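Protein chains in written order, with my numbering: chain A, 1 to 457; chain B, 1 to 254.
Written out as C-alpha cells, the structure is:
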C-alpha cells in the first residue's frame with residue numbers, strides 16, 4: 001500500500017458517488033474494466049514522492065483539493081465547444097474537440113474520413129465497433145506501479161477514438177483540441193484509443209488548453225496500437241494556466257518494422273506530468289521520443305519515458321530538453337529496458353537543460369536495464385547555463401546581450417521543434433516558443449484556439 | 001583609427017598583457033606574430049570586448065572614443081570584427097537568422113532601415129561568391145558540424161557581410177590546408193579598402209605571402225618587443241623566436 005490515505009478516501013468517495021452515473025453512460029465493454037481497475041487503484045493509491053517514478057513530483061496539492069464537479073456534459077456544453085476553431089495559419093487538419101474529456105457532439109459522434117478512417121468519440125466507437133474495442137481497449141495501458149492509470153480506467157467514459165485501416169495513409173493530420181472549461185474547480189479524466197492497422201500512416205496533433213481560470217486536474221490515458229510497417233506521429237502541445245495540473249499517460253504499442261514518434265511540447269502549465277511508454281513489440285521497430293518544456297514562476301514539468309525493447313534489432317531515441325526560469329522546477333526520468341532476447345538493440349537517450357536562474361532546479365535520471373549483450377546504448381544529461389562562449393560570439397557580431405540570449409535559447413529549443421514534420425505547425429511552434437522566451441506569451445495570446453467567445457463574456 | 005597605450009590586462013588574476021603600445025591607421029595591415037602564450041589572443045579578446053579579460057592599466061582609443069567602455073556589441077556596431085581562432089558551434093540557430101540579426105543591428109546603429117528579406121538574401125549570395133564559400137553552409141546552423149576549414153571560411157564570410165572598419169583575425173590560418181588558406185586570404189584581399197584596417201594574428205609566415213602586411217610586430221611576454229616591415233616575418237620564419245627572446249633578455253639586463 002502506498003499513497004496518502006486521505007487522498008485515497010477522497011477518490012473512493014468519488015468512485016462511489018459517480019460510478020452509477022458514469023456506467024449508465026458508457027458501453028458495457030468499457031464498464032467491464034472498472035471494478036478491477038478500481039481495486040488496483042485502492043491498492044496503489046495516488047503516487048507520492050516515495051514512488052521512484054514520481055520522486056520529484058508532488059501531486060498532493062492537486063489531489064487533496066476538493067473539486068466541486070466531476071464533469072458530465074450537458075447539451076449546452078456541446079454547443080459551446082463546437083464554436084471553437086483552431087487558428088494556426090495554413091494548418092489543415094481533421095479536427096476533433098474534447099470538452100472536459102468528452103466528445104462534445106450530439107450528432108455525428110463518429111466521422112468517417114476518406115479511405116475508411118474513423119475519428120470521433122471513444123464511447124460511441126465502443127458501441128459501433130465492439131470488435132475493434134475489445135481487441136485493443138485496456139490492452140496497452142498496463143501498470144503495476146502507477147495507480148493513476150487504474151483511476152482513469154475505473155472512471156473515464158469518453159475520449160478520442162481514431163481508427164486507420166490497413167494500407168491507408170491519411171495525408172492530413174488529425175488534430176485533437178482538449179478544452180478544459182468550467183465554472184467550478186474540476187477534476188476530469190479522458191481515455192483515448194488510436195488503432196493504426198498495418199502498412200498505414202497517420203499524424204496526430206493534440207493541443208491541451210484551459211479556457212477558464214478555475215483549478216483543474218486532468219488525468220488522461222491514451223492507448224495507441226501501431227501495426228506492422230506503419231507510421232505514427234503524435235505531437236502534444238500543452239498550454240495551460242498555472243492553476244492547472246495535467247497528467248498524461250501515453251502507451252504506444254508497436255508491431256514489427258513500425259516507426260513512431262512522440263513529441264511533447266510544454267509551453268505553459270502549472271504542474272505537468274507526461275508519461276510516455278514505448279513498447280517495441282516486433283523486430284526492427286523504431287521509436288523516437290521527444291520533449292521540450294519552458295517553465296517559469298512556480299511551474300513544474302515532469303517527463304517520464306519508458307522504452308521497452310522486447311524484440312531484436314529495434315531502435316529507440318529519446319531527446320528531452322528544458323529551459324527553466326525563476327524558481328520553476330523540472331524532472332526527467334528515462335527508462336530503457338532491453339530484454340534478454342532483444343539483441344541488436346540501438347537505444348539512445350539525451351536530456352539537456354538550461355537553468356536561467358539560481359533558484360530554478362532540474363532533476364534528471366537515466367535508468368538503463370539491459371539484459372541482452374549485443375546492444376548499443378548511450379545516455380547523457382546536462383544541466384547548465386547558457387554558454388558564455390556562444391553568447392560572446394553572437395555579441396561580437398553586434399547582437400545585443402538580450403537578443404543573443406534569446407537566440408541561444410531559441411536555438412536550444414528549436415532542436416526539438418525541427419522534428420515536427422508538419423510545416424505550418426513547426427513554424428507556429430517556433431513562433432510560440434520565441435514569444436514564450438521573450439515573455440510576450442500570455443496564456444490567452446498563445447492559445448491555438450480562438451477565445452473571442454470567452455473574452456466577450 | 002586605433003591607439004593602444006600601455007595596455008595591461010589579466011585573466012583570472014594572471015597578468016598576460018604587460019604594456020602594449022600600438023597604433024593603427026586607416027588602410028593598414030598589421031601582422032602580430034609571436035610564440036605561444038605571448039598574449040596575442042588576449043589582445044584580440046580585449047579589443048573585441050570579452051568580459052573574461054580584465055584590463056588593469058592603459059587605454060585603447062578607437063576613432064577618438066574610449067573603446068574599453070564600450071560593450072562587445074557596440075564595438076561590433078562601430079565596425080570592429082573579430083575572426084575567432086575557434087569559432088563557436090551554435091546548434092539550432094541558422095546562419096541566415098544569425099547574419100540577418102547582425103546586419104540589421106548594424107544598420108539600425110547607422111540609422112538605416114532593416115534590409116528586406118530579398119535584399120538580404122541577395123547580399124548573402126554576393127558575399128558567398130566573394131569569399132567562395134559553399135552556398136549550403138548558409139542554410140545550416142551556425143558552425144554546426146562544419147570542418148575546421150569551413151569554420152574559418154565562415155568567419156571570413158561574416159566579415160564580408162559586416163564590412164568592418166577594423167578586422168582582427170586571430171590565427172585564422174591555423175589548421176588550414178593551402179587551398180583553404182588561399183580562400184581565406186583572397187577573401188581578406190577582396191574586402192580590403194583604403195579606409196579599413198586589419199590586425200592579422202598568426203604564427204606562420206605563410207599567410208603573409210597572401211596577405212601582405214604593412215607592419216609586422218612581435219608580441220612576446222605581453223609586450224610588443226619588435227616592430228618592422230614585412231621582411232621581419234621572413235626573418236622569423238627562418239630563425240624562429242629564440243633570437244628575439246635573447247634580444248629581450250639582453251635589453252633587460254642592459
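Glycine included, each C-beta is placed from N, C-alpha and C at the ideal position.
Please read these numbers as outputs of a predicted model, since none were measured by experiment.
Among B:76, B:14, B:33, which residue has its Cα nearest to the Cα of residue 229 (chain B)? Within the second chain, residue 229 (chain B) is the residue found at index 229, counting from 1. It is B:33.
Taking a Cβ distance cut-off of 9 Å, strictly less, list which residues of the segment 87-100 of chain B are near chain A, in chain order. Here the close residues are 87, 88, 89, 90, 91, 92, 93, 94, 97, 98, 99.
Same chain, Cβ closer than 6 Å to residue 214 (chain B), five either side skipped, listed in chain order: Counting from 1 along the second chain, the entry for residue 214 (chain B) is found at position 214. Hits under 6 Å: 28, 29.
At the level of alpha carbons, what is the spacing between residue 121 (chain B) and residue 351 (chain A)? For the purposes of this step, residue 121 (chain B) is taken as residue 121 along the second chain, with counting starting at 1. For the purposes of this step, residue 351 (chain A) is taken as residue 351 along the first chain, with counting starting at 1. About 35 Å.
Short of 6 Å in beta carbon distance, which residues of its chain neighbour residue 109 (chain B), apart from the five on each side in sequence? Order them along the chain. For the purposes of this step, residue 109 (chain B) is taken as residue 109 along the second chain, with counting starting at 1. Taken in chain order, the residues that qualify are 77.
Going by beta-carbon coordinates alone, are residue 20 (chain B) and residue 43 (chain B) separated by less than 8 Å? Within the second chain, numbered from 1, the residue matching residue 20 (chain B) stands at position 20. Within the second chain, numbered from 1, the residue matching residue 43 (chain B) stands at position 43. The answer is yes: Cβ separation under 8 Å.
Which of helix, strand or coil does DSSP assign to residue 84 (chain B)? Here residue 84 (chain B) corresponds to residue number 84 of the second chain, with the count starting at 1. Coil.
Same chain only: Cβ atoms within 6 Å of residue 276 (chain A), ignoring 5 sequence neighbours per side: For the purposes of this step, residue 276 (chain A) is identified with residue 276 of the first chain, where counting begins at 1. Taken in chain order, the residues that qualify are 250, 262, 289, 305.
With a threshold of 8 Å between beta-carbons, can residue 401 (chain A) be considered close to chain B, or not? Taking the first chain and counting its residues from 1, the one referred to as residue 401 (chain A) is at position 401. With 8 Å as the cut-off, residue 401 (chain A) counts as an interface residue toward chain B.
Grab me the residues of residue 545 (chain A)'s own chain with a C-beta within less than 6 Å of its C-beta, minus the 5 sequence neighbours each way, in chain order. As displayed, chain A neither begins before 1 nor continues past 457, which places residue 545 (chain A) out of reach and without an answer.
Residue 118 (chain A): buried (16+ other C-beta within 10 angstroms of its C-beta) or exposed? Working through the first chain from its first residue, we reach residue 118 (chain A) at position 118. Looking at its Cβ environment, which holds 16 or more other Cβ atoms inside 10 Å, residue 118 (chain A) is buried.
Between residue 98 (chain A) and residue 219 (chain A), is the Cβ-Cβ spacing less than 8 Å? For the purposes of this step, residue 98 (chain A) is identified with residue 98 of the first chain, where counting begins at 1. For the purposes of this step, residue 219 (chain A) is identified with residue 219 of the first chain, where counting begins at 1. Not a contact, by the Cβ cut-off of 8 Å.
Between the CA atoms of residue 141 (chain A) and residue 192 (chain A) - distance to the nearest angstrom: To locate residue 192 (chain A), count along the first chain from 1; it is residue 192. To locate residue 141 (chain A), count along the first chain from 1; it is residue 141. A straight-line Cα-Cα distance of about 11 Å links residue 192 (chain A) and residue 141 (chain A).
As assigned by DSSP and simplified to three states, the class of residue 223 (chain A): As a first step, residue 223 (chain A) must be located in the first chain, where it is residue number 223. Strand, per DSSP.
Coarse secondary structure for residue 128 (chain B), derived from DSSP in three states: On the second chain, position 128 is the one that residue 128 (chain B) refers to. Residue 128 (chain B): helix per DSSP, three-state reduction.
Quick check: what's the CA-CA separation for residue 340 (chain B) versus residue 225 (chain B)? Outside the modelled stretch of chain B, which goes from 1 to 254, sits residue 340 (chain B), for which no answer is possible.
Measuring CA to CA, which of A:42, A:196, A:274 is closest to residue 6 (chain A)? Reading the first chain from its first residue, position 6 is the one you call residue 6 (chain A). Residue A:42 is the option with its Cα nearest to residue 6 (chain A).
Close-in-space but distant-in-sequence residues of the same chain around residue 68 (chain B) (CB under 6 Å, 5 per side omitted): Working through the second chain from its first residue, we reach residue 68 (chain B) at position 68. Cβ within range, chain order: 55, 60.
Does the distance from the C-beta atom of residue 19 (chain A) to that of residue 148 (chain A) stay below 8 Å? Your numbering for residue 19 (chain A) matches position 19 in the first chain. Your numbering for residue 148 (chain A) matches position 148 in the first chain. Against a cut-off of 8 Å, the Cβ pair of residue 148 (chain A) and residue 19 (chain A) comes out as no contact.
If we define contact as Cβ-Cβ less than 8 Å, is residue 396 (chain A) a contact residue for chain B? For the purposes of this step, residue 396 (chain A) is identified with residue 396 of the first chain, where counting begins at 1. Yes, residue 396 (chain A) counts as interfacial toward chain B.
Take residue 430 (chain A) and list the residues in its own chain whose beta-carbon comes closer than 6 Å to its own, dropping the five residues that flank it on each side. Within the first chain, numbered from 1, the residue matching residue 430 (chain A) stands at position 430. Within the same chain, residue 430 (chain A) has close Cβ partners 417.
Buried or exposed: which applies to residue 255 (chain A), given that a residue is buried once 16 or more other Cβ atoms fall within 10 Å of its Cβ? Along the first chain, one-based indexing puts residue 255 (chain A) at 255. By the C-beta density criterion, residue 255 (chain A) is buried, having at least 16 other C-beta atoms within 10 angstroms.
Here's the rule I'm using: 16 or more other beta-carbon atoms within 10 Å means buried, otherwise exposed. How should residue 17 (chain B) be labelled? To locate residue 17 (chain B), count along the second chain from 1; it is residue 17. The residue in question, residue 17 (chain B), is buried, as its Cβ has 16 or more Cβ neighbours within 10 Å.
Which of the three DSSP states is assigned to residue 436 (chain A) in this structure? Numbered from 1 along the first chain, position 436 holds the residue referred to as residue 436 (chain A). Note: residue 436 (chain A) maps to helix in three-state DSSP.
Which whole-angstrom value is the C-beta distance of residue 362 (chain A) and residue 355 (chain A), which I expect to be below 8 Å? Within the first chain, the letter at position 362 stands for residue 362 (chain A). Within the first chain, the letter at position 355 stands for residue 355 (chain A). Yes, residue 362 (chain A) and residue 355 (chain A) are in contact; Cβ-Cβ is about 6 Å, under 8 Å.
Is residue 412 (chain A) near the ligand NAP, with its Cβ less than 7 Å from a heavy atom? This structure simply doesn't include the ligand NAP, nor any ligand for that matter.
For residue 91 (chain B), three-class secondary structure by DSSP: Locating residue 91 (chain B) in the second chain gives position 91, counting from the first residue. Residue 91 (chain B): strand per DSSP, three-state reduction.
Please state whether DSSP places residue 162 (chain B) in a helix, a strand or coil. Residue numbering aside, residue 162 (chain B) sits at position 162 when the second chain is read from its first letter. Helix.
Check whether the segment 162-181 of chain B and the segment 136-146 of chain B touch, using three or more Cβ-Cβ pairs below 8 Å as the test. no
Based on the DSSP output, what are the partners of residue 191 (chain A) in its beta bridges? Residue 191 (chain A) sits at position 191 when you count from the first residue of the first chain. Under DSSP, residue 191 (chain A) shares a beta bridge with A:221.
Can you find a C-beta in chain A that's less than 8 Å from the C-beta of residue 120 (chain B)? The residue you call residue 120 (chain B) lines up with position 120 of the second chain. Not one chain A Cβ lies under 8 Å of residue 120 (chain B).
Using a Cβ-Cβ cut-off of 8 Å, state whether residue 19 (chain A) counts as contacting chain B. Taking the first chain and counting its residues from 1, one reaches residue 19 (chain A) at position 19. Cβ-Cβ to chain B under 8 Å: no for residue 19 (chain A).
Going along chain B, which residues have a C-beta under 8 Å from residue 423 (chain A)? In the first chain, the residue the question calls residue 423 (chain A) occupies position 423. Those do not exist, as residue 423 (chain A) stays about 15 Å from chain B at its closest Cβ, beyond 8 Å.
For residue 54 (chain A), the nearest candidate out of A:386, A:96, A:273, A:372 (CA to CA): One-based indexing of the first chain puts residue 54 (chain A) at position 54. Considering only alpha carbons, the answer is A:273.
The beta strand (DSSP E) with residue 76 (chain B) in it runs from where to where? Residue mapping note: residue 76 (chain B) aligns to position 76 of the second chain, counting from 1. Not the beta strand (DSSP E): residue 76 (chain B) falls in the alpha helix (DSSP H), residues 72-77.
Starting from residue 208 (chain A), follow the beta strand (DSSP E) in both directions and report where the run begins and ends. Residue numbering aside, residue 208 (chain A) sits at position 208 when the first chain is read from its first letter. First-last of the beta strand (DSSP E) with residue 208 (chain A): 201-210.
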